[in-house]
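Scroll down for the structure; my scribbles are underneath it.
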Amino acid sequence: MGLAICYDIRFPELYRLLTLRGAKLIFNPAEFNIFTGKDHWETLVRARAIENVCYMVAPGQFGPKKTFHTYGRSIVVDPWGNVVAKASDMECIIMAEINMDYVDHMREQVPCIKNRRPETYKW
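Numbering (full-length UniProt numbering), first residue to last: 1 to 123.
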């Protein structure tokens, strides 16, 4: 398992490092605001799941704060990028089945982690 938080989702290198260190499931709690959340939240979570062939569990805080309103919409995404659970735009609890064997299977089918060639893009 790996853990990142909120704004970290905009830095894919961290997620790749967690994956290379063995993570098959990455938690990413966040407090996105309405402005960035509506356009970026699900897209970024799905991208991190797809590019690392892992599950992403991304709980999002929901509700008003002093200076902004949080977006919420917690989400669970599988290694193929499918949304397997998603919260609505209100306080709620979501659940999803996580199948770690599916991660192994998908990493065999889409071997992008194994086929990396970091030596070719070293500066």
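Here a beta-carbon is modelled for each residue, glycine too, at the ideal position from N, C-alpha and C.
Excluding five sequence positions before and after residue 2, the CB atoms of its chain that fall closer than 6 Å to its own CB belong to 18, 23 and 26, given in chain order.
In the DSSP assignment, residue 96 forms no beta bridge with any residue.
Exclusion of the five residues before and after residue 90 leaves 62 and 72 as the residues of its chain whose Cβ lies within less than 8 Å of its Cβ. Here residue 41 is buried, its C-beta having at least 16 other C-beta atoms within 10 Å. Taking residue 107 as reference, the option from 5, 52, 28 and 48 with the minimal CA-CA separation is 52.
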